[in-house]
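Working notes, beginning with the structure itself.
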Amino acid sequence: MSELLAVLREWRAAIERWLPPWWSRALAVLLIGFGLLLPQLFSNASNFVNTEILSLTYVMFALGLNIVVGFAGLLDLGYVAFFALGSYAFGWLGSGFFYKASVHILVHGPTNSLPGIHLNFVLILICAGLLTAFAGAIIGVPTLRLRGDYIAIVTLAFGEIVRVIALNGPQIKVFGMPLTGGELGISGTDPPYLPGIGMFSQLDIRPWYYVIFALVLLTLFVNIRVRDSRLGRAWIALREDEVAAVSMGIPLVKTKLLAYALGAAFGGIAGAFLGAYTTLIDAGEFQFGFSIFVLSMVILGGLGSIWGVVLGALLLANINYYLIPDVLNSLPGDFGLNFNLNELQVSIFGFLLVLVMVLRPQGLIPERRRKLELTEGIGELELEEPGTAWSAVEPGEAAP
Amino acid sequence: MEAGSLAPKAASAAGHPALVAIRRFAGKWGLIAALAALPVYYTIHDLVSGYPAFVNGHATTVHDLSYIGTNLFQGISNGAIWALIAIGYTLVYGIIELINFAHGDVFMIGSLTAAGFWAGIGLTLATGTFGVIFGLAAALIVSMLVCGALNVLIERVGYRPLRNAPKLAPLITAVGFSFILQNVGLLWIGGSPAGVTDLIRGNDIVFSISGVAIHRRDVLAIGITVPLVILLTWFVGRTRMGRAMRATAQDPEAARLMGINVDTTISLTFLIGGALAGAAGLIYALYETTISYLQGFEAGLIAFTAAVMGGIGNIQGAVLGGLIIGVIQQICDSRSPPFGPQWTPVIVFGYLIVIMVLRPRGLLGEETREAG
């Protein structure tokens, strides 16, 4: 095993020597081009493009959670709260749900004459981001004194509280109107309208794809810039050693709350987009399982590693929404076996999680700094000369 | 370790002296006040304004303590189940600092095993008293063994290879195993909740003390939980292996140097935790008389909350947390309005947040690296 890995590392080093230094930028441009071209290769209502829209939304969720968990090291198990709030922001501001109000801002066509609050799609996305950023900061306050798994349990509690309030929302009255649609959901949401594209519809899903693609690019840009900024370095310093970081003059409260707020904002915007895309804001969706699903993407891809998280999210979302239900489902039949793979869907997903984590505990594309921590002491050697020191000790079997 | 334990002192030293004093005061009394608020409020409420009840077929208002007494007692018997599951969380967390997400689902498998076992050996309502007692004892042993073995297996396959991995990696394998076990449960009993034969006629009243009825199922829950908790406390506190467990929890490296086989000790911890979850599974099946493949998730969440509430890593704390959550749940469930079962999770988790804010180390926990 270790010999095989050593050989693989030598190959990788050889390839890296052979590639020109600008290869990673070229790859990024190629990938963006490929992403832009992708929906044109499929029909305008194809299931595959639908899956990719969901996957990209999950990329955005995962990148948001990565700020909190990966950069700042605050384990957040209640991320579903921001998905819910973002979705409800869309439901509240972009449908006739608050039927007694009559607000119309920059909306198009017949929507202008409908009762309720109707805002322009872009405005709603901004409002969702602001609302969830605020909520994220509030949720962050009680966790300021806590560390590690205790933060996890408080955020989990907030996630569950938001879920239960969403479920029982019809019993809560705001100005005589129910707060949420409960299990029936908020339906009849406005189709987004953007100048140049027109009214979005479920029959042609390509515009949706391009909107979420643009949002993901924006998220990526912000993530990369923030990671390399003063704030990003402060997060990483807090993650590594809180006491040392604070004594170096990093403002603890502000830095931590900014991590919560920024991570939550991306979750909220993605949630609002998903609410618009599915046209139904249903309280049954805001389960704890969602938080775990997104967290799995972050950890599987590599905590704190932006490209790892993107890869992890794309992989898991595609496996869950496309590979297992659509592609693998016919497999047993092809081999003449008489069982339905759908019944094993959850198992397969769980098995993959276990397998990947046992084989590659540091994640698919580990962050460079984390890699150093993992190998404790022998790490420096490895980073300086890839391919030489690795054959000696593997992180999994590091002798105690 | 030392740098970490400095942090809370540094944090609490900051700020205005008055603020520090208020925080100290709140930390000491605020929690007790918060926990006592619901029972005390309803005790006074029942005595002063009374509660509606049927006496001899007539609807009247009664002013006594039997309603709140019933709430408290049923809360305790229900909380006994959470306590058994919470011990599993607290043991595992104490020894390897892992939130064992699969634990709730091990408990679910325990319920399914027990119910499947007594259906398999043909226990029905017609079986005699001794038959039921022996059958249930056998089912208890079987479900404890199955769950213990399952937990050990999960540790061996999923957590041991990740002993030196980043802290969050085993969390994800735990989630993976949780999914796998849920799928096993789904294939076993199907998607909808399944009924369980009420072998002990759980709703029969054994006796009642001043209006508080004690049902057979309460006797079962408390009668199994109390001996198990006493046995466990003795085992951890008095035996050689228990000492090895405590040593490993404190410092695995030093324990290894002292000649303790750390891997075996961790396996033993998982065995005990799993066995207790199996016992809880059997009690739950008889107590609720319905089992479902999703029960483990919710029970796991509640039990983990109980473990954190009591101070994670502390066995007595887990039991106390379980009982408190049971009581809060019963009060919220039965007092509708203003509460009602649909709001119970909000109240329970609200309490959790309040406890974390006022006393992050939990009710009985010691100061640790993680909580100030």
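Chain order of the listed sequences is A and B.
Heads up: the first sequence runs through residues 1 to 400, numbered per this note's numbering.
Heads up: the second sequence runs through residues 401 to 772, numbered per this note's numbering.
C-beta: ideal position from N, C-alpha, C; glycine also.
Note that the structure is a prediction, hence the values are computed from the model and not measured.
Which one of the options has the shortest CA to CA distance from residue i?
i: A:Arg-230; options: A:Pro-110, A:Ser-187, A:Ala-259 and A:Gly-140; result: A:Ala-259
i: A:Pro-115; options: A:Val-122, A:Ile-124 and A:Val-103; result: A:Val-103
i: B:Val-773; options: B:Val-532, B:Gly-510 and B:Phe-473; result: This structure does not reach residue 773 of chain B, given that chain B is present from 401 up to 772, and the question cannot be answered.
i: A:Val-298; options: A:Glu-160, A:Phe-34 and A:Val-59; result: A:Val-59
i: A:Ile-117; options: A:Leu-184, A:Val-222 and A:Gly-94; result: A:Gly-94
i: B:Gly-722; options: B:Thr-573, B:Thr-625 and B:Ala-538; result: B:Thr-625
i: A:Gly-275; options: A:Leu-146, A:Gln-202 and A:Ile-153; result: A:Gln-202
i: A:Phe-90; options: A:Ala-152, A:Pro-191 and A:Trp-18; result: A:Pro-191
i: B:Ile-600; options: B:Gly-520, B:Phe-454 and B:Phe-530; result: B:Phe-530
i: B:Ala-644; options: B:Ala-574, B:Gly-623, B:Ser-667 and B:Pro-627; result: B:Ser-667
i: A:Asp-241; options: A:Ala-28, A:Ala-72, A:Ser-2 and A:Thr-143; result: A:Ala-72
i: B:Leu-701; options: B:Leu-682, B:His-503, B:Asn-714 and B:Leu-523; result: B:His-503
i: B:Ala-480; options: B:Leu-676, B:Gly-535, B:Ser-736 and B:Ile-432; result: B:Leu-676
i: A:Ala-157; options: B:Pro-745, B:Phe-577, B:Gly-522 and B:Arg-759; result: B:Pro-745
i: B:Ala-621; options: B:Ala-483, B:Gly-762 and B:Leu-764; result: B:Ala-483
i: A:Leu-218; options: A:Ile-236, A:Ala-234, A:Pro-170 and A:Gly-64; result: A:Gly-64
i: A:Ala-270; options: A:Ile-212, A:Ile-105, A:Ile-153 and A:Gly-284; result: A:Ile-212
i: B:Val-596; options: B:Ile-691, B:Trp-634, B:Ala-679 and B:Leu-586; result: B:Ile-691
i: A:Thr-132; options: A:Ala-81, A:Glu-160, A:Asp-149 and A:Ala-166; result: A:Ala-81
Would you decide whether residue i is buried or exposed? Buried here means 16 or more other CB atoms lie within 10 Å of its CB.
i: B:Val-557; result: exposed
i: B:Ile-747; result: buried
i: B:His-615; result: buried
i: B:Asn-456; result: exposed
i: A:Glu-183; result: exposed
i: A:Trp-208; result: buried
i: B:Thr-461; result: exposed
i: B:Met-508; result: buried
i: A:Lys-256; result: buried
i: B:Pro-417; result: exposed
i: B:Val-506; result: buried
i: A:Trp-439; result: Given that chain A is displayed from residue 1 to residue 400, the structure contains no residue 439 of chain A and the question cannot be resolved.
i: B:Thr-524; result: exposed
i: A:Ile-15; result: exposed
i: A:Asn-112; result: exposed
Which same chain residues end up closer than 8 Å to residue i when comparing Cβ atoms and leaving out the 5 residues on each side of it in sequence?
i: A:His-108; result: Tyr-193 and Met-199
i: B:Pro-741; result: Cys-732 and Asp-733
i: B:Ile-533; result: none
Could you pull the start and end residues of the beta strand (DSSP E) that residue i belongs to?
i: A:Leu-85; result: Careful: A:Leu-85 lies outside any beta strand (DSSP E), inside the alpha helix (DSSP H) at 80-93.
i: B:Thr-395; result: Since the displayed chain B opens at 401 and closes at 772, residue 395 of chain B lies outside it and no answer follows.
i: B:Val-557; result: Here B:Val-557 belongs to no beta strand (DSSP E), and DSSP marks it neither H nor E.
i: A:Val-327; result: From DSSP, A:Val-327 is part of no beta strand (DSSP E); its letter is neither H nor E.
i: A:Val-253; result: Here A:Val-253 belongs to no beta strand (DSSP E); instead the alpha helix (DSSP H) covers 252-278.
i: A:Tyr-99; result: First-last for A:Tyr-99: undefined, no H or E at that position.
i: B:Ile-614; result: 612-615
i: B:Ala-453; result: 451-455
i: A:Gly-116; result: 116-119
i: B:Phe-607; result: 605-609
Can you name the start and end residues of the alpha helix (DSSP H) that residue i belongs to?
i: B:Pro-570; result: 569-589
i: B:Val-748; result: 744-758
i: B:His-503; result: 503-520
i: B:Leu-701; result: 695-710
i: B:Val-492; result: 466-496
i: A:Val-107; result: Neither: A:Val-107 is in no alpha helix (DSSP H) and is coded neither H nor E.
i: A:Ser-291; result: 288-301
Residue i and residue j look like a contact to me (Cβ under 8 Å); what is the Cβ gap, rounded to whole Å?
i: A:Ser-291; j: B:Ile-580; result: About 19 Å; that fails the 8 Å criterion.
i: B:Val-727; j: B:Gly-475; result: 3 Å
i: A:Ser-296; j: B:Ile-572; result: 6 Å
i: B:Leu-491; j: B:Gly-673; result: 5 Å
i: B:Met-756; j: A:Leu-74; result: Incorrect: roughly 14 Å between the Cβ atoms, too far for contact.
i: A:Ala-272; j: A:Gly-136; result: The pair is not a contact, with the Cβ atoms about 15 Å apart (cut-off 8 Å).
i: B:Asn-478; j: B:Leu-671; result: Going by Cβ atoms, the distance from B:Asn-478 to B:Leu-671 rounds to 26 Å, so no, they are not a contact pair.
i: B:Gly-576; j: A:Val-354; result: 4 Å
Give a yes or no on whether 8 Å exceeds the smallest Cβ distance from residue i to chain C.
i: A:Arg-206; result: Absent from the structure is chain C; the protein chains it does hold are A and B.
Please list, in chain order, all residues of the same chain as residue i whose beta carbon is under 6 Å from its beta carbon, the five residues on each side excluded.
i: A:Thr-279; result: Thr-189
i: A:Gly-185; result: Leu-280, Ile-281 and Asp-282
i: A:Thr-155; result: Asp-76, Leu-77 and Gly-78
i: B:Ile-753; result: none
i: B:Asp-446; result: Tyr-467 and Ile-468
i: A:Val-226; result: Gly-232
i: B:Phe-517; result: Ala-539 and Val-542
Leaving out the 5 sequence neighbours to the left and right, which residues in its chain are closer than 7 Å to residue i when beta-carbon positions are compared?
i: B:Leu-764; result: Gly-710, Gly-711, Asn-714, Gln-716, Gly-717 and Leu-720
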